[in-house]
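Quick note: the sequence shown, position 165, residue 165 per the numbering used here, numbers continuous. By construction, the Cβ of each residue, glycine as well, lies at the ideal position given by its N, Cα and C atoms.
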Amino acid sequence: MVARLRGRYVYGWFIVGVTFLTMLAASGVRAVPGVLILPLEHEFGWSRSVVALAVSINLLLFGLCGPFAAAVMERIGMRAIMLAALLIMGLAVALTTQIRTAWQLQLLWGGVVGLGSGALSGWVAATVANRWFVARRGLVVGVLTAAGATGQLLFLPLLASLIEAVGWRPAVLVVAALALTLMPLVAWIIRDAPQQLGLNPYGAQAGAVVAPPRAAPGNPFLVALQVLPQVLRQRDFRLLAGTFFICGASTNGLIGTHLIPYSVEHGMSEVAAASLLATIGAFDIVGTVASGWLSDRFDNRWLLVWYYGLRGLALLFLPTAFGTGIFGIGLFVVFYGLDWVATVPPTVRLAADLFGKERVGQVYAWLFVAHQLGAAAIAAAAGLMHDWFGDYRAAFLTSGAICLVAASLAIRIGRPLRPAGFSVTQPQLAGALDD
């Protein structure tokens, strides 16, 4: 069957499709905490900061796992690590239905689920785009990144409705079942590189011979750690990491975790609040795919300036939006939604053009660590601010202000000198990183 698909169609798009579904399942797992905060508070009597701490641990490990998952993937293959991640997530999410104490929530949801979902973080999109495609790389990254928003769109209203109808435990089991049932499809379709099927990447010149990716020698964990000090010496990496830290502190760490309880405190039902967040996800699908298209055509630094600037203004407006009725909330949803994950395609593109596409998975994985550090910090801080001040106003205003700082950092990133699609060898990469 694989041979027929290979011969009749561009197989890389099948890889994109199955990867999209896999990342969709992971996004479904990550969508759960937003609708669990209030049910867990009501059932166990935990404070907002206690539940937010579990989410913060999850977000932190979700990011920290990425560089090591990317390195292990180069050794054992993309298919193997995707299967392992789905298995870990499915089993761990199912076990959370048995929790009775806060430390069990923090261990299972914060620790195990965080590690499992981290193995399917943004490095997967970067790796698929750069292994399977020469042309349309930005579009592929945009499509795969949009899987997170699509997961929100599909799962949040469904989960909120299930929780309201039958309780939070059956809702969680639905997500666990999805992760486990995707495993046979991943095993059937996913391949590590087109060369395994005797193919070249999509868009490669006719007759060109494209070398397959080679695993770096040595221990994969040490390889992942060795990349970090090399890239940290680069000013552009530090600027990208700083902007991505703020990206995490203004998206999944804040909106993804706290918008639903914030909306409920302003009179919405939990289902309506979940639908609001899902609508943001719907606009994000458009914004992220469009951002991928734009990143193939325009200066990615200026794209980041616009994205962070508009996101900051939207977050500064949010506390006012709830007092202006449906028009103000709708305005926030549109502008923020189009910008939700639009920063990812230009960030991946800049990482590939500045540091070489052969190791963009590992470089982007470390950038994503910065993203998740920001997300974890704001998830915990917003919970504490809510306990201290009784609302989220200070958290949203702070996040909006630092987005404007990110816009000022983005324009200082150096213009890539290499053309799109430039490939370097490992020795060339090492020399470039040491400059």
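Quick one: what's got a C-beta closer than 8 angstroms to Leu40's C-beta in the same chain, skipping five residues either side? Within the sequence shown, the letter at position 40 stands for residue 40. Once the five neighbours on either side are set aside, the close Cβ partners of Leu40 are Trp46, Val51, Leu105 and Trp168.
Enumerate in chain order the residues of its own chain whose CB-to-CB distance from Val128 is below 7 angstroms, with the five nearest sequence positions on each side excluded. The residue you call residue 128 lines up with position 128 of the sequence shown. Cβ within range, chain order: Ile15, Val16, Thr19, Val140 and Leu144.
Could you give the DSSP three-state label for Phe14: helix, strand or coil? Taking the sequence shown and counting its residues from 1, one reaches residue 14 at position 14. Helix at Phe14.
Give the secondary structure of Tyr202 by DSSP, where H, G and I count as helix, E and B as strand, and everything else as coil. On the sequence shown, residue 202 is found 202 positions in, with the first residue counted as 1. Reduced to three states, the DSSP call for Tyr202 is strand.
If you follow the alpha helix (DSSP H) that Leu107 is part of, which residue opens it and which one closes it? Translated into positions along the sequence shown, residue 107 becomes position 107. Here Leu107 belongs to no alpha helix (DSSP H), and DSSP marks it neither H nor E.
Quick one: is Ala165 buried, meaning 16 or more other Cβ sit within 10 Å of its Cβ, or exposed? Working through the sequence shown from its first residue, we reach residue 165 at position 165. Ala165 comes out exposed.
Beta bridge counterpart(s) of Phe133 as assigned by DSSP: Position 133 of the sequence shown, counted from the first residue, corresponds to residue 133. DSSP, once it has assigned bridges, lists Tyr202 as partnering Phe133.
Around the C-beta of Arg412, are 16 or more other C-beta atoms found within 10 angstroms, so that it is buried, or is it exposed? Here residue 412 corresponds to residue number 412 of the sequence shown, with the count starting at 1. Classification of Arg412: exposed, given that the 10 Å Cβ count is below 16.
At 4 residues or longer, what runs of the alpha helix (DSSP H) sit wholly inside the stretch 249-316? 255-265 and 270-295
Same chain only: Cβ atoms within 7 angstroms of Met82, ignoring 5 sequence neighbours per side: Residue 82 sits at position 82 when you count from the first residue of the sequence shown. Excluding positions up to five away in sequence, the list reads Thr22, Leu120, Val186 and Ile190.
Check whether the Cβ atoms of Ala407 and Gly312 sit closer than 8 angstroms, and answer yes or no. The sequence position of residue 407 within the sequence shown is 407, counting from 1. The sequence position of residue 312 within the sequence shown is 312, counting from 1. The answer is yes: Cβ separation under 8 angstroms.
Is Ala3 helix, strand or coil by DSSP? As a working mapping, residue 3 is identified with position 3 in the sequence shown. Note that Ala3 scores 47 on pLDDT, short of 50, meaning its location in the model is unreliable; the coordinates nonetheless yield the value given after this. Three-state DSSP puts Ala3 in a helix.
Pick helix, strand or coil for Gly151, following the three-state DSSP scheme. Residue mapping note: residue 151 aligns to position 151 of the sequence shown, counting from 1. Helix.
Could you name the residues of the same chain whose beta carbon sits closer than 7 angstroms to that of Ile57, not counting the 5 residues immediately before and after it, in chain order? Residue 57 sits at position 57 when you count from the first residue of the sequence shown. Taken in chain order, the residues that qualify are Gln106, Gly110, Gly111 and Gly114.
Cβ neighbours of Arg235 in the same chain (closer than 8 angstroms, five flanking residues each side left out): Taking the sequence shown and counting its residues from 1, the one referred to as residue 235 is at position 235. Cβ within range, chain order: Gly414.
Using only CA atoms, which one of Phe44, Leu315 and Phe389 lies nearest to Thr101? For the purposes of this step, residue 101 is taken as the residue at position 101 of the sequence shown. For the residues Phe44, Leu315 and Phe389, the minimum Cα distance to Thr101 belongs to Phe44.
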